[in-house]
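Quick note on the numbering used here: the sequence shown kicks off at 2 and runs consecutively.
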Amino acid sequence: MNAPANLTAVLLVVAVTVGIGGYGLRSRSTPDFYVASRTVSPLRNAAAVSGEYLSAASYLGIAGLLATYGSTMLWYGVGYTAGYLVLLVLVAAPLRRSGAYTVSDFAEARLGSMAVRRTATVFVVLIGLLYQVPQLVGAGLALHTVLGAPAWSGTVLVTAVVLVSVITGGMRSVTLVQSVQYWLKLTALAVPALALLLVWRGVWHPGGGPAPAPVPVAHTASGHGGGQGLYSVYSLMVATFLGTMGLPHVTARFYTNPDGRAARRTTVGVLGLLGVFYLLPEVYGALGRRYAPGLAAAGRADTEVLLLPGHLVPGATGQLLTALVVAGAFAAFLSTCSGLALSVAAVLSQDLFGGDVRGFRRAAAPAVVVPCAIALLLPGSGMSVAHEVGLVFSVAASTFCPLLVLGIWWRRLTAAGAVAGMVVGGGLSAAAPTLALLGVGGCGRAGALLAEPAAWSVPAAFLTMVGVSLLTPGRVPAAASVMLARLHLPEALAAGPADRSAADGDRSSSAPVRSSRDGRR
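Below you can see the structure in the form of structure tokens.
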């Protein structure tokens, strides 16, 4: 392991991130910081969405799960991508037409309730913090693996860079950084993957000798079988298919599009970019299972991507390929943490710090520092990064998915129903895996239900929202029909004078978020 080359790769990624983030110094207005003034083109937005979405779970975790459990874990990449198809069909364009800056804005505007807004804000913060922690732990793992540095150093480094990027320019700055980081991550995985495939097929012999001999995999874990294994797969599909639309850093991206049509084009672009990327972790997982099963057996499966190029390609070439993979890994940590910090800072700013640029910057500090502290205090549960993120998807699918789907497509949703559904779904999806980690349920059917709760927590959230709404028919917002028309009609037909005024306010450098939101109501 060539520590100087790997350190150089990390520092180059940091320098590029900070340098491109300097573009954000042009950001002066509130809309710049929250939604990049709604001027991001579909192509750039698709790359930015993909850049922030491809986290440590995608870059490191999927390959590790494949190396450990085999083909059963292919569903992670499929589910992460297919979630955008559901988002495209159900919420992308209506969510953009809502004119909101955050999920909390949408919830309040749709249901006219501060209780709904506060509940949504709590879950935005919870999901954002839970999602950032495995990214920061992964950064520490990566730096320790390739440099031998203490694990805390990677966590602190990513936190510092993200804080600078978010405070400097908000959404405008981070959008450009994330779009560049997608292409960096794709290249960083694709080039070494091609080299590894050539070695595997015997086409290239970088050391002048025969290809490395495969290692028997009998001592590595295999995919779970039987009914419990099938249930886990279905629950994973529910979590990833429906959880994508509930991730606050994903939905925030669609507010940056100029209009609903652009939001749909962005989503189609994301499907293509993710489809290409998710072909690559499978290469590392399969070859890791074949040539380096000892990593999985030792509980180090998440390091497969980082160590496999040097294992199969000796000498300076292998060191360069490893440095490239390390650069992509840090791009993954930085881009995802930046998007999550933005979404958390946005809702904290509006609800606690006044909603202007100064408030956004003040909110960014706890949005970044708190998950850093958690990652340092709780360095890891021994669980795969991808599995930890999968549990966050369960919480998102059990809270914001029902809120968005019913809020966009069902007129009779009430504030009481929305609050009850989010509390029930979020509570169940968060408590169940916690009980599983404490050993409740054991390894049987009850343990599987607790470890993968999405298959029953998501239906519970939907049923609760619908049931409570039907029991409170008198609390359907008076403006529900008007709001639904705004969500579903093309902008040119739905916008009245007040809406156009609010849209003008979005472009104004002086319009505060709160008054813009109030104007839309």
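Backbone N, C-alpha and C define an ideal beta-carbon position, used for all residues, glycine too.
{"Query": "Measuring only the C-alpha atoms, how far is Ser42 from Pro207?", "Result": "43 Å"}
{"Query": "Distance, Cα to Cα, Thr69 vs Arg98?", "Result": "44 Å"}
{"Query": "Return the chain-ordered list of same chain residues with a C-beta closer than 8 Å to the C-beta of Arg501, the five sequence neighbours on each side being excluded.", "Result": "The predicted position of Arg501 is uncertain, since its pLDDT is 44 and thus under 50; no value can be drawn from it."}
{"Query": "Helix or strand or just coil, what does DSSP make of Ala235?", "Result": "With the sequence shown as reference, residue 235 is identified as Tyr, and Ala is not the correct amino acid for it. Of the three classes helix, strand and coil, the one that applies to Tyr235 here is helix, per DSSP."}
{"Query": "Please work out which residues of its chain come closer than 7 Å, Cβ to Cβ, to Phe242, disregarding the five sequence neighbours upstream and downstream, and give them in chain order.", "Result": "Gly80, Ala83, Gly84 and Val87"}
{"Query": "Does the distance from the C-beta atom of Gly360 to that of Ser344 stay below 8 Å?", "Result": "no"}
{"Query": "Is the beta carbon of Ala461 sitting closer than 8 Å to the one on Val327?", "Result": "no"}
{"Query": "Give the C-beta separation of Thr122 and Asp357 to the nearest angstrom, bearing in mind that I take them to be a contact with Cβ-Cβ under 8 Å.", "Result": "In fact, because the Cβ distance is near 17 Å, the residues do not count as touching under 8 Å."}
{"Query": "Rounded to the nearest angstrom, what separates Ile63 and Leu308 at their Cα positions?", "Result": "15 Å"}
{"Query": "What separation, rounded to the nearest whole angstrom, lies between the Cα atoms of Ala525 and Leu91?", "Result": "Outside the displayed span of the chain (2 to 522) sits residue 525, for which this structure offers no information."}
{"Query": "With distance defined between alpha-carbon atoms, name the residue in Asp33, Val163, Leu335 and Arg173 nearest to Ala366.", "Result": "Val163"}
{"Query": "Which of the three DSSP states is assigned to Ala37 in this structure?", "Result": "helix"}
{"Query": "Take every Cβ of the region 132-141, pair it with every Cβ of the region 427-441, and state whether three or more of those distances are shorter than 8 Å.", "Result": "no"}
{"Query": "Rounding to the nearest angstrom, what Cα-Cα distance links Ala398 and Gly247 in this structure?", "Result": "6 Å"}
{"Query": "Report all residues from its chain with a CB closer than 6 Å to the CB of Met74; omit the five preceding and five following residues, and keep chain order.", "Result": "Leu66 and Leu67"}
{"Query": "Please list, in chain order, all residues of the same chain as Val271 whose beta carbon is under 6 Å from its beta carbon, the five residues on each side excluded.", "Result": "Ala47, Val50, Ser51 and Tyr85"}
{"Query": "In terms of residues, what are the limits of the alpha helix (DSSP H) holding Glu53?", "Result": "Pro43 to Tyr54"}
{"Query": "Pull up the CB-CB distance for Gly100 and Pro478, whole angstroms please, since I reckon it's below 8 Å.", "Result": "With a Cβ gap of about 16 Å, Gly100 and Pro478 do not count as contacting."}
{"Query": "Are the beta-carbon atoms belonging to Ala528 and Tyr232 less than 8 Å from one another?", "Result": "The first residue shown for the chain is 2 and the last is 522, placing residue 528 beyond what the model contains."}
{"Query": "Following the continuous alpha helix (DSSP H) through Ser458, name the residue where it begins and the one where it ends.", "Result": "Ala455 to Leu472"}
{"Query": "In the DSSP assignment, the alpha helix (DSSP H) including His312 goes from what residue to what residue?", "Result": "Glu305 to Leu313"}
{"Query": "I'd like to know whether the C-beta atoms of Gln136 and Ser339 end up nearer to each other than 8 Å.", "Result": "no"}
{"Query": "In this structure, does DSSP put Tyr183 in helix, strand or coil?", "Result": "helix"}
{"Query": "Leaving out five residues before and five after Gly418 in sequence, what residues of the same chain have Cβ atoms less than 6 Å from its Cβ?", "Result": "Met466, Val469 and Ser470"}
{"Query": "With a threshold of 16 other CB atoms inside 10 Å of the CB of Thr221, please say whether the residue is buried or exposed.", "Result": "Annotation note: pLDDT 46 at Thr221 (below 50); position unreliable, no value reported."}
{"Query": "Could you work out which residue in Arg39, Phe394, Tyr77 and Ser105 is closest to Ala346 when comparing CA atoms only?", "Result": "Ser105"}
{"Query": "Give the DSSP-derived three-state secondary structure of Ser511 in the structure shown.", "Result": "Low local confidence applies: a pLDDT of 34 at Ser511 is under 50, so the model's placement there is unreliable, with the coordinate-based value given in what follows. In this structure, Ser511 counts as coil in the three-state DSSP scheme."}
{"Query": "By a C-beta neighbour count over all protein chains shown, 10 Å radius and 16 as the cutoff for buried, is Asp507 buried or exposed?", "Result": "Low confidence applies here, because Asp507 scores a pLDDT of 44, under 50, leaving its location unreliable; read the following figure in that light. Buried: at least 16 other Cβ atoms inside 10 Å."}
{"Query": "Should Val134 and Ala342 be called a contact, given that it needs their Cβ atoms to be closer than 8 Å?", "Result": "no"}
{"Query": "Excluding the 5 residues flanking Ser56 on each side, which residues of the same chain have their C-beta closer than 7 Å to its C-beta?", "Result": "Gln136, Ala333, Thr337 and Val390"}
{"Query": "For Arg412 versus Ala486, is the C-beta distance shorter than 8 Å?", "Result": "no"}
{"Query": "Per DSSP, what kind of secondary structure is Arg413 in: helix, strand or coil?", "Result": "coil"}
{"Query": "At the level of alpha carbons, what is the spacing between Phe394 and Ala302?", "Result": "21 Å"}
{"Query": "Between which two residues does the alpha helix (DSSP H) holding Phe331 run?", "Result": "Gly316 to Leu353"}
{"Query": "Can you list, in chain order, the stretches of the alpha helix (DSSP H) that have 4 or more residues and sit fully within the region 55-93?", "Result": "63-70 and 75-91"}
{"Query": "Go ahead and label Ser72 buried or exposed: buried means 16 or more other beta carbons lie within 10 angstroms of its beta carbon, across all protein chains shown.", "Result": "exposed"}
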